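Enquirer: Just passing along the structure, written as structure tokens.
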Amino acid sequence: MSESNTSDFELKQKLDQVIEPYFAKHHRQKCYPGLVFRQGKRTMVQINVPADDLPTLLQAKPSVDNNPDSGKNRPEVKGHAEEIKQYITNRAQKDKPWIVGTLTANVSPDKIELIELSRGICLVTIPRHVKLDITDGQHRKRAIHDLIEGSQYDLIADNDFPITLVLEGDFKQCQTDFRDMAQTKSLDKSLLLSFGEFEGRVGITKNLIERVKIFEDKTERIKSSANTKYKLIYTTNYIAKAVSCAFTNDPSDELQGYAVEQSSEALSSCFNQFFSECSHSRHIFDTSIEDLTVDEIDKFKNECILGRSVGIEILGRLLHCTYDQYRFNFETERVSQIAQLDWSTESKLWHGNIVNIDPNPKNPAKRYKISAGASPVRMAVNAAKASLRWM
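Structure representation (structure tokens):
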């Protein structure tokens, strides 16, 4: 053993000798190594907790009966814990990496013992009768709890979960802390999709943005809306909905199990055919982003429903009618028929469903109100099918 390795080994032995007596002394309590840090005029401790300990260590105190002073965190949002549970389950069953963010909990400092060792390293001992109150992360805790107590316990049994423990005894300050932590801006769907794993509709959508000329360089991949002054027409989320509709007629279908490359090739070919043949989109499709003007982009978005989210959702639903799931392609003749429809905002085909005329528009050049609800979309699709004599 080298001198350096010998020195490291001796240091670890000495550290074990220092820490082990504390664990032995507090073996009837929960005892965790931790890191102390100070922020915002209070002391906090970062600890890592085995999955087994979470159900008995943490408790959620959500507000009830329209009384915010009855708890330390908001009521659980129905279905959100199940979404987290399914995320962990789906990833773990496929032996893929997954991650759950740090939970934040609160406890009065006089209810635990904090043994500071050196340079912020500490031991935290928590008596068995003491519960940590969640201030952020009750949905994650519920998901983990359900998995531990369910038949799929083995999926997370050997995992640890980080907790930021705020040593604070003032109930009002705990509520203030929750409010302050809850003010983070929600992430736009386009950003979440852009950073999604390259499989299912996320993978297909990412491919289409690079392979379909009207999407390439004209798609907002981060924010929730496409800024016309930057010559952007679509968002990743718009395209993802159209992709799901094209294959399943369901805008929320994640297309799990779909072959990304084969699906991307079939749908990108279909979209390129459609946008090149449609007279309303041909110019935007054929012209590079450098040669298009902001006015041309603005005109396309206002005068053609294909420049809007609802327009390409309707297109996706119509393309689904041309999809041959056995041959894994879209029928080119029927795609051509869809391209011959009048996709202008002025077309009577869309009036009374997704397009309504504003009798008193602020801007006379923009007198149309566009509806993207499920019912107007369904009516628009049916109107298009009737015009194509597909009904």
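To convert, count from 1 in the sequence shown and add 7; that's our numbering.
Just so it is clear, CB atoms sit at the ideal spot from N, CA and C, and this is done for glycine as well.
Since the model is a prediction, treat every value here as computed from it, not as a measurement.
Can you tell me the Cα-Cα spacing of D23 and D167, whole angstroms?
Expert: Cα-Cα distance, rounded: 21 Å.
Enquirer: Let me know the beta strand (DSSP E) ranges lying completely inside the stretch 161-201, each 3 residues or longer, listed in chain order.
Expert: For the stretch 161-201, whole beta strand (DSSP E) runs of length 3 or above, ordered along the chain, are 167-174.
Enquirer: At 4 residues or longer, and completely inside the stretch 268-354: list those alpha helix (DSSP H) runs for me, N to C.
Expert: As far as the stretch 268-354 is concerned, its whole alpha helix (DSSP H) runs of at least 4 residues are 289-293, 301-310, 316-327 and 339-346.
Enquirer: What separation, rounded to the nearest whole angstrom, lies between the Cα atoms of H327 and P258?
Expert: Taking the straight line joining both Cα atoms gives about 11 Å.
Enquirer: Would you report the Cα separation of I240 and I170, rounded to the nearest angstrom?
Expert: Cα to Cα, the separation comes out at about 42 Å.
Enquirer: Can you find the residues in the same chain that come closer than 7 Å, C-beta to C-beta, to A249, ignoring five residues on each side of it along the sequence?
Expert: Here the set comprises I319, E320, L322 and G323.
Enquirer: Rounding to the nearest angstrom, what Cα-Cα distance links K230 and L124 in this structure?
Expert: Approximately 46 Å between the Cα atoms of the pair.
Enquirer: Jot down the residue ranges of each uninterrupted beta strand (DSSP E) in the stretch 196-263, minimum 3 residues, whole runs only, in chain order.
Expert: For the stretch 196-263, not a single whole beta strand (DSSP E) run of length 3 or above is found.
Enquirer: Sort out for me which residues DSSP pairs I155 with in a bridge.
Expert: Beta-bridge pairing links I155 to no other residue.
Enquirer: With DSSP collapsed to three states, give me the class of E83.
Expert: Correct three-state label for E83: coil.
Enquirer: Would you say E338 and D331 are within 9 Å of each other, going by their C-beta atoms?
Expert: In contact: E338 and D331 (Cβ atoms closer than 9 Å).
Enquirer: Using only CA atoms, which one of L198, T352, I345 and K92 lies nearest to G314?
Expert: Answer by Cα proximity: T352.
Enquirer: Just list the residues that DSSP pairs Y29 with in beta bridges.
Expert: Paired residues: none, contrary to the question.
Enquirer: Between the alpha carbons of A58 and V107, how many angstroms are there, rounded?
Expert: Approximately 12 Å, taken between the alpha carbons.
Enquirer: Give the secondary structure of K392 by DSSP, where H, G and I count as helix, E and B as strand, and everything else as coil.
Expert: In the structure shown, K392 sits in a helix (DSSP, three-state: H, G or I).
Enquirer: Measure the CB-CB distance between M51 and L199 and report whether it falls below 9 Å.
Expert: Contact flag unset, no.
Enquirer: Identify whether K148 lies in helix, strand or coil by the three-state DSSP scheme.
Expert: Here K148 sits in helix by DSSP.
Enquirer: For A112, does the three-state DSSP call read helix, strand or coil?
Expert: In the structure shown, A112 sits in a strand (DSSP, three-state: E or B).
Enquirer: Is it buried or exposed, Y265, if we count other Cβ atoms within 10 angstroms and call 16 or more buried?
Expert: Under this definition Y265 is a buried residue.
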